[in-house]
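Asks: Line order of the protein sequences matches chains P and U. Heads up, the first sequence is in full-length UniProt numbering, so the first residue is 1 and it goes up one at a time. Heads up, the second sequence is in full-length UniProt numbering, so the first residue is 1 and it goes up one at a time. Even glycine gets a Cβ: it sits at the ideal position worked out from N, Cα and C. Computed from a predicted model, the values in this text were never measured in an experiment.
Protein chains: 2
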Amino acid sequence: MVTMRDVARVAQVSATTVSHVINKTRKVDPETERAVLEAIEATGYLSDGIGRSLRTGTTQTIGLAMSAISNPYFGTVVHAIERSISRAGYSLLLADTHDDPVRERRAVRDLLSHRVDAMVIAPSGEADSVLDALVQRRIPVVLIDRIPTRERPGVDAIGVVNEEPTARLVDHLAQIGHSRIATITSDPMLETTIERLSGYWNGIERNGLTRDEDLVQVGVRGSEETTDDAVATLLGLPEPPTAIVMGNNQVTIGTMAALQHHHMEAPRDMALVAFDDFPWANIFRPRLTAVSQPVDELGAGAVSMLLDRLADRDLPPRHRRLEPTLKHRESCGCTGLSTGT
Amino acid sequence: MVTMRDVARVAQVSATTVSHVINKTRKVDPETERAVLEAIEATGYLSDGIGRSLRTGTTQTIGLAMSAISNPYFGTVVHAIERSISRAGYSLLLADTHDDPVRERRAVRDLLSHRVDAMVIAPSGEADSVLDALVQRRIPVVLIDRIPTRERPGVDAIGVVNEEPTARLVDHLAQIGHSRIATITSDPMLETTIERLSGYWNGIERNGLTRDEDLVQVGVRGSEETTDDAVATLLGLPEPPTAIVMGNNQVTIGTMAALQHHHMEAPRDMALVAFDDFPWANIFRPRLTAVSQPVDELGAGAVSMLLDRLADRDLPPRHRRLEPTLKHRESCGCTGLSTGT
DNA sequence: TTGTATGCGTTATCAA
DNA sequence: TTGATAACGCATACAA
């Protein structure tokens with residue numbers, strides 16, 4: 001490996017000067033500078049981040065801990081985050097939590113061992129103990145997707161509004177005549193599931209519909225998908241639903257597959273609305289009426305908060321909620337009103 | 001920050017002993033070991049990867065350079081790779097190439113600066129100069145998706161067979177009566193595009209169809225999507241095609257959107273077959289007849305080759321081709337034969 | 001304008 | 001069974 005000393009030797013200067021040339025950190029005689037740059041070129045020297053990190057205490061690396069399994073937006077989120085942080089001169093270290101608290105703990109430990117300067121975490125259910133460790137180490141954290149109820153120093157959060165948009169999905173189904181409206185949720189441990197479910201109940205109540213616990217089914221439990229059972233249960237009810245609110249992307253795919261097994265088609269045999277949109281939702285049939293999350297903005301927003309905090313660690317904790325947008329298409333069954341894009 | 005010396009002080013031993021306890025690298029008196037473990041617990045010590053890396057020369061980190069923009073399988077590939085390498089005790093450092101040779105260069109430099117132990121690269125068109133630098137530094141590389149024509153020491157590659165499967169897509173369309181079969185390709189700079197295009201021509205010729213250059217349109221050029229134009233050109237032809245072979249996932253989405261603008265529906269107004277499958281292809285309509293890549297196997301295979309090479313750097317270069325599978329569904333227009341899953 | 005010396009946290013060598 | 005010491009590559013305080 002070619003080190004700074006090698007460059008220094010070739011350029012006939014000290015390592016100090018080489019360092020200063022590379023980092024533009026003090027005035028250097030143009031002549032000397034040229035010699036150094038030439039030596040760098042000649043030797044093919046590339047600065048060693050490890051050495052620098054050990055010395056400076058910063059790795060210019062940001063850790064991302066999230067589950068790739070359950071998050072259909074995984075790629076988009078990673079991309080959005082990567083773009084923002086690389087623009088700021090950081091690299092992205094990835095750790096998959098597999099939607100499992102134990103793996104999540106290990107993932108965060110791993111990122112800490114690599115001395116990431118900050119972390120983005122899309123937490124599974126139980127992130128609290130992990131967070132405490134991070135707060136104690138004073139490492140900047142932004143939680144994505146989940147807004148914690150308790151504020152902690154150094155921990156920011158960004159997510160979308162879940163409750164009211166879900167209620168509005170129910171509103172819409174009620175307005176077009178449905179009275180038996182079911183919901184299939186994602187994992188009940190997830191904060192977002194809880195909020196969306198609460199929105200569902202709000203919708204049921206404010207539209208004067210009968211509150212029926214049987215109409216709520218869980219589509220994901222841990223790493224297990226149970227949408228098949230959920231759909232079967234709903235269809236086996238004495239008075240089955242005529243419409244379903246699907247809690248997220250994963251549930252949507254599962255539910256649609258299950259309905260297909262029962263030879264049912266949306267919106268003819270079942271009205272469907274979903275939380276979470278698909279990028280190709282306009283092209284394939286049925287065109288889903290869905291609440292669309294601003295994924296790019298979530299990623300960019302998360303990084304922006306992180307960079308702010310990196311610049312000033314004593315910033316008060318901030319929690320941001322972005323508004324999702326309703327894409328009104330055809331799976332809900334009122335084709336005339338379609339405005340979706 | 002709590003270091004090994006802190007632990008040593010608390011445990012009343014030397015830092016050497018602490019290190020040996022942590023790494024189980026020499027015999028330690030059980031009593032001493034207990035004291036050390038207790039001190040670790042008490043101090044909340046976490047070993048510092050930077051210090052270790054500087055000393056040992058290995059970072060236990062693998063770099064992944066690929067484009068998130070153009071690769072619809074991005075998430076799946078990242079996930080597959082992450083899973084394999086984390087099992088082997090490595091972490092994943094991500095660098096987005098944005099499908100641009102300049103950004104790709106920077107991405108690789110960046111990964112090198114972070115001293116990744118090895119790299120997985122999904123190369124854009126011009127990866128050769130980058131590769132030379134890596135070979136020179138003797139850092140293990142596996143190219144994913146693209147099989148280079150020239151072998152290089154220390155560079156493995158894994159991808160799918162592109163030519164024959166594409167030819168078979170043409171076969172199928174010809175057999176069900178199409179004689180004007182077009183193709184919309186991905187970026188012409190990509191190796192896979194070249195191979196698939198070659199397969200297309202093979203198909204045209206071996207089915208005795210007229211060779212017509214107008215039936216080949218480019219759907220992606222660099223970071224620009226031109227499927228709209230491609231479709232418009234095809235439809236404007238004196239004798240328009242009745243079937244289209246779509247070169248990859250991105251092209252498929254673009255083509256279907258464009259066809260929709262022209263109020264055309266598959267397979268009624270246009271038979272469609274695609275290279276690249278969608279995970280939800282069975283649920284939404286039209287159900288695409290598509291060549292499906294074994295994405296998980298690609299990721300796992302790439303990592304497996306890398307680990308082999310990490311164990312023995314002098315292994316001869318290996319190039320692996322995996323067979324994709326044809327998912328015969330409905331968009332090609334011969335519904336009776338559907339076997340897709 | 002440039003150079004010397006030191007230490008970041010760890011592990012390997014050598015000695016006890 | 002354990003410890004003292006040096007070195008990995010770099011950036012900085014200090015000296016010249």
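Compute the distance between the beta-carbons of U:Gly-333 and U:Ala-271, then report whether it is under 8 Å.
Replies: Going by C-beta atoms, U:Gly-333 is nearer than 8 Å to U:Ala-271.
Asks: Quick check: what's the CA-CA separation for U:Arg-34 versus U:Thr-16?
Replies: 15 Å
Asks: Is it right to say U:Gln-250 is buried, meaning 16 or more other beta carbons lie within 10 angstroms of its own, or is it exposed?
Replies: buried
Asks: What span of residues does the beta strand (DSSP E) with P:Ala-319 cover, start to end?
Replies: Note that residue 319 of chain P corresponds to His in the displayed sequence, not to Ala. P:His-319 -> beta strand (DSSP E) spans 319-322.
Asks: What span of residues does the beta strand (DSSP E) with P:Ala-65 cover, start to end?
Replies: 61-66
Asks: Report all residues from its chain with a CB closer than 7 Å to the CB of U:Met-264; omit the five preceding and five following residues, and keep chain order.
Replies: Met-270
Asks: What do you get for P:Gly-208, buried or exposed, if any count of 16 or more other CB atoms within 10 angstroms of its CB means buried?
Replies: exposed
Asks: Establish whether the CB of P:Ala-257 and some CB of chain U are separated by less than 8 Å.
Replies: yes
Asks: Determine the direct distance from the alpha carbon of P:Asp-171 to that of P:Val-303, and round the result to whole angstroms.
Replies: 35 Å
Asks: Looking only at its chain, what residues have a beta carbon closer than 6 Å to the beta carbon of P:Leu-197, apart from the 5 residues adjacent to it on each side?
Replies: For P:Leu-197, where only same-chain residues beyond five positions count, the Cβ hits under 6 Å are Thr-185.
Asks: Is the beta carbon of U:Ile-40 within less than 7 Å of some heavy atom of the ligand MN?
Replies: Among the components modelled here there is no ligand, and therefore nothing to report on the ligand MN.
Asks: Taking the C-alpha atoms as reference points, what is the distance between P:Val-10 and P:Glu-104?
Replies: 48 Å
Asks: Using a Cβ-Cβ distance cut-off of 8 Å, determine whether U:Gly-340 contacts chain P.
Replies: Confidence at U:Gly-340 is low in this model, with a pLDDT of 43, below 50, so its placement is unreliable and no value can be given for it.
Asks: Identify the continuous alpha helix (DSSP H) that holds P:Gly-75 and give its terminal residues.
Replies: In this chain, the alpha helix (DSSP H) harbouring P:Gly-75 covers 74-87.
Asks: Find the nearest neighbour of U:Asp-228 within the set U:Thr-97, U:Glu-239, U:Glu-213 and U:Met-246, judged by alpha-carbon distance.
Replies: U:Met-246
Asks: Expressed to the nearest angstrom, what Euclidean distance is found between the alpha-carbon atoms of U:Leu-322 and U:Asp-308?
Replies: In this structure, the alpha-carbon of U:Leu-322 lies about 18 Å from that of U:Asp-308.
Asks: Quick one: is P:Gln-293 near chain U, going by C-beta distance under 8 Å?
Replies: no
Asks: Consider the Cβ of P:Ser-223: report whether some Cβ of chain U lies at a distance smaller than 8 Å.
Replies: no
Asks: Exposed or buried, what is U:Gln-136 when buried is set at 16 or more other beta-carbons lying within 10 Å of its beta-carbon?
Replies: U:Gln-136 sits exposed, since fewer than 16 C-beta atoms from the chains shown fall within 10 Å of its C-beta.
Asks: Any beta carbon of chain U sitting closer than 8 Å to that of P:Arg-83?
Replies: yes
Asks: Which same chain residues, not among the five before or five after U:Glu-164, have their C-beta less than 7 Å away from its C-beta?
Replies: Gly-199
Asks: Using the rule of at least 16 other Cβ atoms within 10 Å of the residue's Cβ for burial, across every protein chain shown, is U:Lys-327 buried or exposed?
Replies: buried
Asks: Whose Cβ in chain U lies nearer than 8 Å to the Cβ of residue 343 of chain P?
Replies: Residue 343 of chain P lies beyond the residue range present for chain P, which begins at 1 and ends at 341; the question has no answer from this structure.
Asks: Which runs of the beta strand (DSSP E), 3 residues or longer, sit entirely within the segment 132-189 of chain P?
Replies: 141-144, 155-160 and 181-185
Asks: Going straight from the alpha carbon of P:Ser-338 to that of P:Glu-330, what length do you get?
Replies: At P:Ser-338 the pLDDT is 45, less than 50, meaning the model places this residue with poor confidence; the figure from the coordinates comes in the next sentence. About 6 Å.
Asks: Find the residues of chain U that neighbour P:His-328, judging by a C-beta separation of less than 9 Å, and give them in chain order.
Replies: Those within 9 Å of P:His-328 in chain U number zero; the least Cβ separation is about 18 Å.
Asks: By the criterion of Cβ-Cβ separation under 7 Å, what are the contact partners of P:Asp-110 in chain U?
Replies: Ser-91
Asks: Along chain U, which residues have their Cβ under 9 Å away from the Cβ of P:Asp-99?
Replies: Neighbours of P:Asp-99 on chain U: none; closest Cβ ~12 Å, over 9 Å.
Asks: Do the segment 39-46 of chain P and the segment 42-60 of chain U touch if we need at least three Cβ pairs shorter than 8 Å?
Replies: no
Asks: Quick check: the Cα distance between U:Val-28 and U:Val-7, rounded to an integer number of angstroms?
Replies: Approximately 16 Å between the Cα atoms of the pair.
Asks: Consult DSSP for U:Glu-104 and reduce its assignment to one of helix, strand or coil.
Replies: helix
Asks: Is it true that the segment 91-106 of chain U meets the segment 73-84 of chain P, where meeting means three or more beta-carbon pairs spaced less than 8 Å apart?
Replies: yes
Asks: Taking the DSSP output, what are the residues bridged to U:Met-119?
Replies: U:Gly-63 and U:Val-141
Asks: Compute the Euclidean distance between the alpha carbons of P:Met-4 and U:Leu-190, then round it to the nearest angstrom.
Replies: Each residue's Cα considered, the two are about 37 Å apart.
Asks: Between the alpha carbons of U:Val-273 and U:His-79, how many angstroms are there, rounded?
Replies: 27 Å
Asks: Is the beta carbon of U:Pro-324 closer than 8 Å to that of U:Val-120?
Replies: Taking 8 Å as the cut-off, the Cβ atoms of U:Val-120 and U:Pro-324 do not count as close.
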